[in-house]
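Heads up: the sequence lines are chains V and G, in that order.
Per the numbering used here, the very first residue in the first sequence carries number 1; after that it's consecutive.
Per the numbering used here, the very first residue in the second sequence carries number 1; after that it's consecutive.
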Amino acid sequence: MTKNVKPNKLANSIKPLKLSNSMYCALLVFQLLNLLTLVQQFHWLYLLFAILALALQFIVHFKTQGKITSLSKSNKIINDYPAVKILPSWLVLLLAISGSIGIAISGTRLGLLLSMIHLLCFAYSLKMFEVTSRKDLYQLVVLGIFVATSSLIFIQSIYFSLAVIVLIFSNFLILLNLFTPKMSLLAQSKLLAKLSFYAVPLAVILFVGFPKLSPLWQVPNVKSAKVGLSDSVKIGDIAQLALSDELAFRVSFEGNTPQHAQLYWRAMVLDDFDGVTWRQASRDLDQRRSDAATKQNALSSSTVELRGEGINYQVITEPSFQSWLFALDFATSEQSNIGQRSDFSLFYRSIISQTFSYQVTSYPQAILTAKLTKQVRALNLALTTDNNPRLLAKAQQLRTLYHDDRQLINQVLSEFNQQDYYYTLQPPSLTGNSLDQFYFDTRAGFCEHYASTFTYLMRAAGIPARMVVGYLGGEINSQGNYLSVYQRSAHAWTEVWLPESGWQRVDPTAAVDPERVESGFSSNLMQEYADLSSGLFSTQSLRAMQWYKQLKMHIDAIDYQWTRWVIGYTGEKQSRVLEQLIAGFTKAKNIFYLLLGLGGIILLINWYKATHVKVKNQHEIKQVYLNTLQLMASHGLVKERAMTGQQFTKFIAITRPELLENFAVISDYFEQFFYQNIDNDLSKQVLNNDVKKLKYHYRRLRCQLWLAKLTPTKEN
Amino acid sequence: MQTVVANILAQIESVVIGKPHQVKLALACLLAKGHILIEDLPGMGKTTLANTLALTLGLSYQRIQFTSDLMPADVIGIAIFDEIKRSFQLHPGAIFNQVVLADEVNRASPKTQSALLEAMEEGRVSVDGVTHQLPEPFFVIATQNPMSHAGTYPLPESQLDRFMMRLSLGFPSIEAERKILQSTNSHRDVAKIEPFLHVDKLQEIQQHIATVRVAPAIVDYVIALCRESRKSESQAKALSPRAGKALLAAAKSWAFIEDRDYVLPEDVQAVFSPVCEHRLAPQQHHIFEEADELSQQILAQVDPTNPLA
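Here's what the structure looks like:
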C-alpha cells in the first residue's frame, strides 16, 4: 500500500480532487456554522435556499458514504472519492444568475451592505456544488472565512467575537486535513493552534497600525426588536422597559463618579403631548441645530451660560438603532459627528447601529435659556384641553393659591410626598383621561406617570414645562471602575422653566420614592421586580447570591474593556496611539538596551536548550517506547521480560498483525535510535519531530487497541 | 567479508553435520580472539569441530592429546644444550602453533593443565627464564569429557574463566545422525578441507569486529545481566567484569557474523549461555540436564529494553 501512495500524491495536481467522507462532512458542517453566524441578517428567501442546498448536500453525501463503506468492507481499503455531481452545471449557472438578479432587485430594500452579504453567501452556497479541483476547495474555504468574518459587522460582543474567531481558525482545519490526511485530529488541532498563535503578533500589528477606513457602506437601519427607549412615550412604556436587564450604555468618569442622584442621563426631550403620548415636537425636529456640540459653540451661544467645573467622561453606548446620545446636562462634545439640539440633547449624526463611544464634558451648574422665546414658550405650554379636566381644575386652583412658580411646584411635590401616592412597577391600567384617573383615583404609578402628570399640571398652571426621558443612575463596576446603565434604569422626569434660572430639572419621582433617586431601586421595588420577572429559569433568585454578582461583575468588566479598547479602537484613536508610540520610540534610548537584553536572554535560552536537549529527547523516545509496551501490556499483549524489542515485534506480527502498522514504527525507531545510529548527532528539531511522530503513532495504536476492544472479536 | 564468513560456516557445517548453532558460536569465539572449551561425551564430534575450524581458518595447527602422564615440557617445549652454539636452545612444543587443540584437557594432571592455561592467558611462555612469544593469532580449542567420567582432573574455576566460551555439541538429530553414518571416512573429509583465510585476512576481520558499535543501551544490558547474577543466592557464582567484557566481545563478533555493524540485545542473548554458564556453574555434573539453566534464569530476569530500571 505504501508503495502506491507516492505516485498518487504526485498525480493529485492533475487528477480531479478526491476527498474522504469526513472531509465532505467537515466542509458541510463548516458551511452550516459559517452561515449560522449571519442567520439573523438573512432574507427568508435566501435562508430557504441555503437550507435546501445544505440539506441536499448532506443527503447526497450520506448516501455515498453508505455506498463507500459497503464497498470498503469488501476491499478493506477506504477510498477518497471525487465530489458527486449533484446538480448539472447549467442549473448551477441558472441558479447563480437568477439569484443574483433577485438580490439586485431587492437591493434597494436590503441596502448595499446586506445585498453584498447576500451575494457572498449565495455564492458560498452554490460553490459547494462544484468542488472539483483543489482550487475550488481553496475558494470555498476562503469564502467561508469571509462569510464568518462579515458577521462581526453586526454583532461585536466579546463572546460572539471569540466564537467567530475560533470558527474562522477552525475553517483552516479543512485545508490542513487536505495536506496532512494521516494526522490525527488532535495533532491537526494542535498544529492549527500553533499556526494561529504565530499569526497573533501580525494580527495585533495590523490592528494597531493598519489604517482604519470608515466603512463604505451604510449599516442598515434595522428596526429590530431592540429593547430601549423609543422616540415617543406612552404611559406604561418605561415601566415595561424597567423589566429589561439589557445594557444601555457604559460610562467611565475621568474624576470621581458623581452622586447617584446627580446621574440624570438625558436622552431626549418630549414636548408634545396629545393626552396619551408624549412626542418630540415636529417643529423642533425641523429646527435641528446643525451646530456641533462643542464648548466653543456653547460659549458663544446666547441660550447657555456655562458655570462651574466641567465633568469629563466617556460614554460607550450599545447599538440602539436611534440617534440620540446620553449625557448629563449641560453636555458638550468636541466630536464632529455629534450634534446638539436646541433642547440641549445630544444626537449622533447617523444611526447608532454599532457600539459607539464618545467623549463628553458636562457643566451641571450651567444656566440654560434664561430667556425664553415666544415660540418655545408656546410650545412648552401647549395643552390639549379636551381631556383630563380634573387636573386642569386642580391647576387653576393651585394658581389662585400660589402666585410664585416655585411655591406652586413645591406644593405639588409635597402633595405627592405626603398623600398616599405609590411608586410601583405594576401600575393599575388607565383608560380615558388617564392622568386624571392616576392623580385622583389610582395614585400608583411609575416615573412616567408622575412626570407626565406633573408636566401637565405645570403647563395647565402656566409654567413652561417639558418631559425628559433618559436614564437615572447606573451600577458601579468596581472591577473596571466604570458605570453600567441598564435599560431598567430608564426614567422620565420634568423640566420646568423659571424666569432667571432657566430650565430646571424637577423629578416628581423623588418626592414619591426618594430612594429611587438616591440609590436606585428600593427594596420594595426590587421585590416587585423579582416577582414580575420570575419564571422557570429565574435569574432573580440567582441575583441574590453574592458570587453570582461577583462573577457577573467580572464578566461585565471584561466585556467593557473589550468594547472600549477593541471595538472602540476607531481611526481617530488609532492615530493618537500611533503618535504616542512613535514619540515613545524616538525618546527612549532604553528601548535599544531593552532589545539588547531581550536578545541576550533569548540567546541564552537557546544555548541552554541546544546543549541540554539531547538527553531529554533520548529519554523521551525511550519513554514513548516503554509507554507503548505498557499500553500493549494493558491490552493483554505482554512482553516477556527477556524478550528483546525485535522479538516482541515479531510476536506482535504473528499475534496481532493489524497493530504492526503503528507498533512497528515505534519499535523500529527505538531499535535504530538506541542500538544502531548511536553516533548520529541528530539535531534538536529532527528529534523533536521524531518524538512527535512516535507519539502520534502511539495515540493511533491506543485508538486501535481500544477500538479492537470495543468491537466484538471475530473468531476466524 | 561477510561472504567469507558465510563460506567458512558452510564448509564447517558440511563436516560437522547438524550443529550450525554451535559452529557459529565457535567461529564467533575465535573471531573474538577467545579460547573455546568444548565439553561433551566422547565421539560427539568435538575433535572434528576443532580440526575443521583450525584448517578452515588456514592456521598452523597442532593437536595435543592430554593424558595423565603428559608433562608441561611436552606442551611448551624443552631447552636443550646446543654444542655448536654452546647455548641452550628451545625445542618448541606443540603450543607454538596458531591453533592448539588440547584434546581431553581434563585428563592431564593439574600441573600440565596450568602450563597450558598460563600460556593461553599470557600469549607467551617462559622456559628457563627466557620468555618466548607465542605466534599470532593464538587460539586454544580444548575439549573435555564430563566430570563424572573416570580419570579426570576438573579444571579449576580460575582457569575455566580463561575460556571465552564453553560449548557442548549434544546428540545429533535423526537426520544429522543418518548423514553422519552414511558418510565415508570422516578423517579423509577433514584432510580435504582447504583453508579459506589467510592470517592477514583473519586479523583484518578481527579488527573489523573491534569497530562494531556497542550502544550505551547494550552496555547497560550487560551490566544489568552481571548485576543480576550477583543478586542470586543459589550456588551460582557471580559474573566478574571480565565475564562482562567477554560477553561484549562475543556479542560484537556475533553481530558481525549476523552481518550487522552494531550490537543488538539479541546478540548478547545469543552468546550469553556459552559465555557465562561455565562461569556461573563450573562443576557441571550431569551433561544431560538442562545445560544452561542458570544463565537462562538470569536472562529471564532482565528486560533488554529497559535494563537498569
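Glycine residues also receive a C-beta, built at the ideal position from the N, C-alpha and C atoms.
Query: So what does DSSP say about V:D237, is it helix, strand or coil?; Result: helix
Query: Does the beta-carbon of V:G600 have 16 or more other beta-carbons within 10 angstroms, so that it is buried, or is it exposed?; Result: exposed
Query: Is the shortest distance between the beta-carbon of G:T305 and the beta-carbons of chain V less than 9 Å?; Result: yes
Query: Under 8 Å Cβ to Cβ from V:V60, same chain only, skipping five residues before and after it: list those, please.; Result: V84 and I86
Query: Less than 9 Å between the C-beta atoms of G:R124 and G:F66, yes or no?; Result: no
Query: Taking V:A53 as the reference, which of V:M128, V:F648 and V:Y696 has the closest Cα?; Result: V:M128
Query: Taking C-beta to C-beta, are V:I311 and V:E254 nearer than 9 Å?; Result: yes
Query: Does G:E39 come out as helix, strand or coil in the three-state DSSP assignment?; Result: strand
Query: Would the beta-carbon of V:V468 fall within 9 Å of that of V:V142?; Result: no
Query: Does the stretch 411 to 427 of chain V come into contact with the stretch 439 to 457 of chain V, if we say contact requires no fewer than three beta-carbon pairs (one atom in each stretch) closer than 8 Å?; Result: yes
Query: Determine whether the Cβ of V:M632 lies closer than 9 Å to any Cβ atom of chain G.; Result: no
Query: Cα separation between V:P657 and V:S100?; Result: 57 Å
Query: Could you spell out where the alpha helix (DSSP H) holding V:G255 opens and where it closes?; Result: Counting along the chain, V:G255 falls outside any alpha helix (DSSP H), and DSSP gives it neither H nor E.
Query: Could you give the distance in angstroms between the alpha-carbon of V:Q322 and the alpha-carbon of V:I351?; Result: 5 Å
Query: From this set, V:I168, V:G445 and V:R702, which residue's C-alpha is nearest V:A193's C-alpha?; Result: V:I168
Query: State the Cα-Cα distance for the pair G:A54 and V:H697, rounded to the nearest angstrom.; Result: 51 Å
Query: How many angstroms separate the CA atom of V:F344 from the CA atom of V:Q407?; Result: 27 Å
Query: Quick one: what does DSSP say G:F256 is sitting in, helix, strand or coil?; Result: helix
Query: Does DSSP put V:L494 in a helix, a strand or coil?; Result: In the sequence under discussion, the amino acid at residue 494 of chain V is Thr, which differs from the Leu named in the question. Three-state DSSP puts V:T494 in a strand.
Query: Does V:T132 have its Cβ less than 9 Å from a Cβ in chain G?; Result: no
Query: I need the straight-line Cα distance from G:Q11 to V:K190, nearest angstrom please.; Result: 60 Å
Query: For V:F674, which residues in chain G fall below 7 Å Cβ to Cβ?; Result: A215 and A217
Query: Please classify V:Y313: does DSSP put it in a helix, a strand, or coil?; Result: strand
Query: My parser needs the alpha helix (DSSP H) runs of 4 or more residues fully inside the stretch 148 to 216 of chain V; what are they?; Result: 158 to 179 and 185 to 209
Query: Helix or strand or just coil, what does DSSP make of G:F56?; Result: This sequence places Thr at residue 56 of chain G; Phe is not what is there. G:T56 falls in the helix class under three-state DSSP.
Query: Nearest by alpha-carbon distance to V:S519: which of V:Y46, V:A261 and V:S196 is it?; Result: V:A261
Query: Which of helix, strand or coil does DSSP assign to V:S70?; Result: helix
Query: Just to make sure I have the definition right: I need the residues of chain V whose C-beta is within less than 8 Å of the C-beta of G:Q269. Which are they?; Result: A642 and T644
Query: Who are G:H91's beta bridge partners in DSSP?; Result: G:I78
Query: To the nearest angstrom, how far is it from the Cα of V:A492 to the Cα of V:V485?; Result: 15 Å
Query: Report the three-state DSSP secondary structure of V:S357 (helix, strand or coil).; Result: strand
Query: Using DSSP's beta-bridge definition, name the partner residues of V:W503.; Result: V:W497
Query: Can you tell me whether DSSP reads V:Y402 as helix, strand or coil?; Result: coil
Query: With distances taken from CA atoms, which of V:L472, V:V566 and V:T494 is nearest V:S161?; Result: V:V566
Query: Anything in chain G within Cβ reach of V:L629, meaning under 8 Å, just list it in chain order.; Result: T305
Query: Kindly indicate the opening and closing residues of the alpha helix (DSSP H) around V:F663.; Result: L660 to E671
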